[in-house]
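As you go down the protein sequences, you meet chains A and B in turn.
Going by the numbering used here, the first residue of the first sequence is number 10, and it counts up by one from there.
Going by the numbering used here, the first residue of the second sequence is number 569, and it counts up by one from there.
Structure record follows, encoded as structure tokens.
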Amino acid sequence: MKYFFLSIFLIFLASCATTQTTMESKKIKIGMNQVDFCNQFSEFTGAPCSSSFMDGYKNVVKGVYYPQLAMEIMHDEDKKYFFVFSTKNSSGYNYKTRKASYNSKLLKIFTDFEEAKDFAGGKKFSITSKEVDNALEICEKQNLKKGTIELMECVLKRI
Amino acid sequence: MCFEKNMINLKINILKFFVYVVFLTFLNTNSSLTNEIVTGYDEKGVVQRNIGIATSFTREAMAISKNICMDLGFVKGTVNFDFCTLKVMKKNSEINNDEESIREIKRQSYIWGLKNQSFKTGNTQSNTNEFGKVTQQDNKYLRVPEKVLCIQYINNYGFFSESKQAQRLEAIQKRSIDCNKYNDEAYYDLERRNANFHKALQDAFHGIMDAQIQKHESITENYRNANRNLSCSSRVSAGKIRTSCY
Chain A
10 MKYFFLSIFL IFLASCATTQ TTMESKKIKI GMNQVDFCNQ FSEFTGAPCS SSFMDGYKNV
70 VKGVYYPQLA MEIMHDEDKK YFFVFSTKNS SGYNYKTRKA SYNSKLLKIF TDFEEAKDFA
130 GGKKFSITSK EVDNALEICE KQNLKKGTIE LMECVLKRI
Chain B
569 MCFEKNMINL KINILKFFVY VVFLTFLNTN SSLTNEIVTG YDEKGVVQRN IGIATSFTRE
629 AMAISKNICM DLGFVKGTVN FDFCTLKVMK KNSEINNDEE SIREIKRQSY IWGLKNQSFK
689 TGNTQSNTNE FGKVTQQDNK YLRVPEKVLC IQYINNYGFF SESKQAQRLE AIQKRSIDCN
749 KYNDEAYYDL ERRNANFHKA LQDAFHGIMD AQIQKHESIT ENYRNANRNL SCSSRVSAGK
809 IRTSCY
């Protein structure tokens, strides 16, 4: 009976743990791998690496995986924190088997989902400032004035 | 006896607690994610993961594009500055070979263009005098539903569009309609029409191809028949010889 109450108490304590408390403990560090990251969170429902009974019932999974860019967003149940991982040589976290990868590294932490998506799912900006400067120099030599559509079109053609 | 009763009560309370926790979990479960994310299912229909689609159309890309436009001498807040930003973003998407983003930027450009044309009745000038024949009596657009009229006007649909546009504009002004709110729908309507047109074109092409194939097949069949050894039989009927081949 003693063990029964003890286990209930422990479950109760575990359910008190949140992502917030884990974040405040400063155990989550940029550059850490996914396995270590998941180990920092106790098995409470709502942790980034766990999926609840209702997730299975409702047929949903947390997180977003970007196969084109090998990036992954993991988040807690409350969507307060968004952890972006680089998942090179791995196919991201498996929520069914709870298998994390040593190859996935934590890149950045966001508190806004849109910003996290921009970071994880945004393709690299391909136009460099050097390209723009070179094109601008050539176009200005053609007597095209700054702030005109003609100059803009000339620059964009040369990029 | 009393101890056993207390135990039963305690177990019931624990059960209630778990039911409550499950109920709370149900309430806290988040709804669907945004539309850039596709949910992947396995063959049994069980969700596997949410797949995000990488895009060049991001806020970061927009910020960089704005900086480039400022370098090109455009002043923030002007029409040309916005135009330049969209152009730079489109160029970047083209370099990245990102079809989805190009489509989105085209949509944004279309809406941006419309915003700057402004379809508010106060800002538009009637072309009625130019096309003098337009009168209230024969202007059928006065009875056309507001949304349909605006979409037709924004997208400039139809043959003889100039005279039709004048009639539409007159109707819009008379009915004091603000067509700006239909910019988005107008874009999608145009996209839909274009898609339908391409499909029709494709169908027509396939139709022509099918007809050609059928023609060739029938020619081949005729050729085969022509070269086939016919089996004929002749018989005398009413003093005449009748031959039938098959």
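Backbone N, C-alpha and C define an ideal beta-carbon position, used for all residues, glycine too.
| Reduced DSSP secondary structure (H/G/I, E/B, other) of N748 of chain B | Stepping through the second sequence from its first residue, residue 748 of chain B is reached at position 180. DSSP places N748 of chain B in helix when its eight states are reduced to three.
| Contacts of S51 of chain A in chain B (Cβ-Cβ under 7 Å) | As a working mapping, residue 51 of chain A is identified with position 42 in the first sequence. Under the 7 Å cutoff, chain B gives no residues; its nearest Cβ is about 16 Å from S51 of chain A.
| Over what stretch of residues does the beta strand (DSSP E) that includes C800 of chain B continue unbroken? | Taking the first residue of the second sequence as 1, we reach residue 800 of chain B at position 232. Start and end: 800–805.
| field | Where the alpha helix (DSSP H) containing N635 of chain B begins and where it ends | value | The residue you call residue 635 of chain B lines up with position 67 of the second sequence. Here the alpha helix (DSSP H) through N635 of chain B covers 627–639.
| field | Per-residue contacts from V93 of chain A into chain B (C-beta, under 9 Å) | value | Within the first sequence, the letter at position 84 stands for residue 93 of chain A. Within 9 Å Cβ-Cβ: nothing; V93 of chain A doesn't reach chain B, min ~11 Å.
| Hey, how far is the Cα of I670 of chain B from the Cα of Y721 of chain B? | On the second sequence, position 102 is the one that residue 670 of chain B refers to. On the second sequence, position 153 is the one that residue 721 of chain B refers to. Answer to the nearest angstrom: the Cα atoms are 25 Å apart.
| Within 8 Å, strictly: CB atoms of L116 of chain A and I168 of chain A | By 1-based counting over the first sequence, the position of residue 116 of chain A is 107. By 1-based counting over the first sequence, the position of residue 168 of chain A is 159. No, the Cβ-Cβ distance between L116 of chain A and I168 of chain A is not below 8 Å.
| message | Looking at the secondary structure, which residues open and close the alpha helix (DSSP H) in which G40 of chain A lies? | response | Position 31 of the first sequence, counting from 1, holds the residue named residue 40 of chain A. Premise fails: G40 of chain A is in no alpha helix (DSSP H) and is neither H nor E.
| message | Quick check: the Cα distance between A125 of chain A and A144 of chain A, rounded to an integer number of angstroms? | response | Walking along the first sequence from the start, residue 125 of chain A turns up at place 116. Walking along the first sequence from the start, residue 144 of chain A turns up at place 135. Looking at the two C-alpha atoms, the distance is approximately 33 Å.
| At a Cβ threshold of 8 Å, is A129 of chain A touching chain B? | Locating residue 129 of chain A in the first sequence gives position 120, counting from the first residue. Using beta-carbon distances, A129 of chain A counts as an interface residue toward chain B, with a partner under 8 Å.
| Quick one: what's got a C-beta closer than 6 Å to D666 of chain B's C-beta in the same chain, skipping five residues either side? | Against the second sequence, residue 666 of chain B aligns to sequence position 98. The answer, listed in chain order, is S624.
| Along the chain, which unbroken stretches of the beta strand (DSSP E) at least 3 residues long are found entirely within the segment 100–144 of chain A? | Qualifying beta strand (DSSP E) stretches, in chain order: 114–119.
| Using a beta-carbon distance cut-off of less than 7 Å, what residues from the segment 67–84 of chain A approach chain B? | Under the 7 Å Cβ criterion, the segment 67–84 of chain A contributes K67, N68, V69, V70, G72, V73, Y74, Y75, P76, Q77, L78.
| request: Out of B:E714, B:K783, B:L710, state which residue places its alpha-carbon closest to the alpha-carbon of I750 of chain B. | output: For the purposes of this step, residue 750 of chain B is taken as residue 182 along the second sequence, with counting starting at 1. Position check: residue 750 of chain B holds Tyr in this sequence, whereas Ile was assumed. The option with the nearest alpha carbon to Y750 of chain B is B:E714.
| request: Measuring only between beta-carbons, confirm whether S113 of chain A sits less than 8 Å from chain B. | output: Taking the first sequence and counting its residues from 1, one reaches residue 113 of chain A at position 104. Not closer than 8 Å to any Cβ of chain B, the Cβ of S113 of chain A fails to qualify, so no.
| Measuring from the CB of F649 of chain B, is there a heavy atom of the ligand NAP at a distance below 7 Å? | The ligand NAP is absent from the structure shown, which contains no ligand whatsoever.
| Would you call the segment 653–666 of chain B and the segment 128–141 of chain A in contact, with 3 or more CB pairs under 8 Å? | Cβ pair count under 8 Å is three or more, so yes.
| task | Could you confirm whether any beta carbon from chain B is found closer than 8 Å to the beta carbon of K132 of chain A? | result | The residue you call residue 132 of chain A lines up with position 123 of the first sequence. Closer than 8 Å to some Cβ of chain B, the Cβ of K132 of chain A qualifies, so yes.
| query | In the segment 638–667 of chain B, which residues sit with their C-beta less than 8 Å from some C-beta in chain A, listed in chain order? | reply | Taking 8 Å as the cut-off between beta carbons, the residues of the segment 638–667 of chain B near chain A are D639, L640, G641, F642, V643, N648, F651, C652, K655, V656, K659, N660, I663, N664, D666, in sequence order.
| The alpha helix (DSSP H) with V647 of chain B in it runs from where to where? | To locate residue 647 of chain B, count along the second sequence from 1; it is residue 79. Run containing V647 of chain B: 647–663, per the alpha helix (DSSP H) assignment.
| CB-CB length for F60 of chain A against Y102 of chain A, believed under 8 Å | Within the first sequence, residue 60 of chain A is the residue found at index 51, counting from 1. Within the first sequence, residue 102 of chain A is the residue found at index 93, counting from 1. The sequence given here has Ser at residue 60 of chain A, not Phe. At roughly 10 Å, the Cβ-Cβ gap does not stay under 8 Å, so S60 of chain A and Y102 of chain A are not in contact.
| message | Below 8 Å, how does it come out for the segment 649–658 of chain B and the segment 147–167 of chain A: are there three or more Cβ pairs, yes or no? | response | The way I'd put it, the segment 649–658 of chain B does touch the segment 147–167 of chain A; three or more beta-carbon pairs between them come closer than 8 Å.
| Would I673 of chain B count as contacting chain A if we go by Cβ distances under 8 Å? | Start at 1 with the first residue of the second sequence, and residue 673 of chain B comes out as number 105. Closer than 8 Å: no.
| task | Output the boundary residues of the alpha helix (DSSP H) element that contains F62 of chain A. | result | If you number the first sequence from 1, residue 62 of chain A lands on position 53. 62–67 is the span of the alpha helix (DSSP H), which, as asked, contains F62 of chain A.
| request: Compile a chain-ordered list of the residues in the segment 604–617 of chain B whose CB is closer than 9 Å to at least one CB of chain A. | output: Along the segment 604–617 of chain B, the positions whose C-beta sits under 9 Å from a C-beta of chain A are E604, I605, T607, G608, Y609, G613, V614, V615, Q616, R617, read in chain order.
| task | Can you grab the Cα-Cα spacing for the pair G72 of chain A / S100 of chain A, in whole Å? | result | The residue you call residue 72 of chain A lines up with position 63 of the first sequence. The residue you call residue 100 of chain A lines up with position 91 of the first sequence. Each residue's alpha carbon lies about 13 Å from the other.
| CB contact check: M41 of chain A to chain B, cutoff 8 Å | Residue numbering aside, residue 41 of chain A sits at position 32 when the first sequence is read from its first letter. No, its Cβ sits nowhere closer than 8 Å to a Cβ of chain B.
| field | Interface residues of chain B facing L165 of chain A [CB-CB closer than 8 Å] | value | As a first step, residue 165 of chain A is located in the first sequence; it is residue number 156 there, counting from the start. Against chain B, a Cβ distance below 8 Å from L165 of chain A picks out K655, V656, K659.
| query | Does DSSP put T31 of chain A in a helix, in a strand, or in coil? | reply | Your numbering for residue 31 of chain A matches position 22 in the first sequence. Look at T31 of chain A here: in three-state DSSP terms it is helix.
| Residues of chain A with a CB under 9 Å from the CB of S624 of chain B: which are they? | Position 56 of the second sequence, counted from the first residue, corresponds to residue 624 of chain B. Listed along chain A are G131, K132, K133, F134, S135, each with a C-beta nearer than 9 Å to that of S624 of chain B.
| Per DSSP, what kind of secondary structure is K808 of chain B in: helix, strand or coil? | Indexing the second sequence from 1 puts residue 808 of chain B at position 240. Under the three-state reduction of DSSP output, K808 of chain B falls in the strand class.
| Enclosing alpha helix (DSSP H) for R167 of chain A [first to last residue] | Indexing the first sequence from 1 puts residue 167 of chain A at position 158. Looking at the DSSP string, the run of the alpha helix (DSSP H) that includes R167 of chain A is 158–167.
| request: Indicate the three-state DSSP secondary structure (helix, strand or coil) for V256 of chain A in the structure shown. | output: Chain A is shown only over 10 to 168; residue 256 of chain A falls outside these bounds and no answer can be derived.
| Distance, G775 of chain B Cα to K88 of chain A Cα | Position 79 of the first sequence, counting from 1, holds the residue named residue 88 of chain A. Position 207 of the second sequence, counting from 1, holds the residue named residue 775 of chain B. Approximately 53 Å, taken between the alpha carbons.
| task | Say whether chain A places a C-beta atom closer than 8 Å to the C-beta of I670 of chain B. | result | The sequence position of residue 670 of chain B within the second sequence is 102, counting from 1. For I670 of chain B, the answer is no, since every Cβ of chain A falls outside 8 Å of its Cβ.
| message | Please report the straight-line C-alpha distance between E672 of chain B and E785 of chain B, rounded to a whole angstrom. | response | In the second sequence, counting from the first residue as 1, residue 672 of chain B sits at position 104. In the second sequence, counting from the first residue as 1, residue 785 of chain B sits at position 217. E672 of chain B and E785 of chain B have their C-alpha atoms spaced approximately 46 Å apart.
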